[in-house]
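In the working numbering, the protein residues as written are 255 to 564.
Single-structure report; data block below.
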């Protein structure tokens with residue numbers, strides 16, 4: 255069963271009416287931004303085989319570009335989480351998409367390794383608010399028992415870019431040019447941001463939301479206290495926090511290696527021609543999509559079981 259199929263069969267669809275379908279449309283919108291997010295990250299690995307020749311850089315330099323993004327993204331996470339708890343996720347997510355799309359365009363104008371490093375740092379910092387802002391939107395628009403499949407759906411959409419748009423990016427690089435690929439990817443991101451700003455409103459400012467609908471969504475929401483300082487010491491004493499951090503560290507380590515090096519590895523180790531990379535480079539990401547959606551269904555079931563234990 256697909257993620258959207260499970261979502262439609264869940265309690266999400268028990269309330270009939272236009273707004274329930276509006277929430278499903280919201281999830282599709284979040285998935286669109288997630289696809290754009292990873293397409294912009296993917297551009298480096300697609301362009302790398304050609305960039306190496308034109309810019310006289312090696313695999314170590316490509317790794318440096320990958321690290322520049324990852325470190326900037328990591329450093330941007332904590333302040334982004336703080337900002338999302340205090341300000342509109344609509345503004346933060348929409349602005350994030352525009353700024354990271356501009357960073358992608360800037361890569362097309364980069365002619366030195368230093369210029370690319372700076373653009374990748376820019377990309378990492380700009381993308382940092384996207385995950386906490388998206389998660390905040392999900393927690394505001396979906397009750398707890400539906401958040402697992404909702405989060406799994408947009409997280410799976412992150413892998414849709416590498417899984418299904420690798421072919422398009424490779425074609426653009428082969429037929430038009432790698433710089434033009436950056437321009438096109440950045441332009442698509444800006445269009446997606448405009449669509450998001452036009453159609454999305456934070457739940458507090460959505461006047462079309464019926465009281466029954468609002469109560470259904472928010473009946474189990476835990477309000478966030480922004481008047482007291484975050485208890486960092488207590489937070490890091492929790493085994494759950496360390497377990498989540500360790501798991502996410504392992505996940506992102508593998509994720510970043512795949513995201514940056516798959517095309518270079520396939521070409522260097524198996525002699526595959528650049529124009530033939532599409533399907534082979536997409537296979538791991540197709541598996542990741544399936545894993546995300548299955549884990550989302552399992553997460554929802556575990557949440558329901560936990561809620562039923564008193």
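All residues carry an ideal CB built from backbone N, CA and C; glycine is no exception.
These figures come from a predicted structure and were not determined experimentally.
- Counting the other Cβ atoms within 10 Å of the Cβ of residue 355 gives 16 or more, which makes it buried.
- Under the three-state reduction of DSSP, residue 421 is assigned to helix.
- DSSP places residue 337 in the uninterrupted alpha helix (DSSP H) bounded by 313–340.
- In this structure, the straight-line span from the alpha carbon of residue 524 to that of residue 517 is close to 10 Å.
- Residue environment for residue 492: exposed (fewer than 16 other C-beta atoms within 10 angstroms of its C-beta).
- Between the alpha carbons of residue 556 and residue 396 lies a distance of about 16 Å.
- It is roughly 46 Å from the alpha-carbon of residue 309 to the alpha-carbon of residue 553.
- Considering only 541, 522, 538, 288, the residue with the shortest C-alpha distance to residue 404 is 288.
- Assigned with DSSP and collapsed to three states, residue 526 falls in coil, not helix or strand.
- Taking a C-beta distance under 7 Å as the contact criterion, residue 380 and residue 353 qualify as a contact pair.
- If you draw a straight line from the Cα of residue 551 to the Cα of residue 398, it comes to about 13 Å.
- If you compare the alpha carbons of 306, 298, 292, 348 with that of residue 449, the shortest gap goes to 348.
- Shortest Cα-Cα distance from residue 363 to any of 454, 487, 434, 513 involves 434.
- Boundaries of the alpha helix (DSSP H) harbouring residue 384: 384–395, taken from the DSSP string.
- Taking each of 419, 280, 368 in turn and checking the Cα distance to residue 290, the smallest one comes out for 419.
- If you draw a straight line from the Cα of residue 315 to the Cα of residue 294, it is about 19 Å long.
- With a cutoff of 7 Å on beta-carbon distance, residue 358 and residue 436 are scored as near each other.
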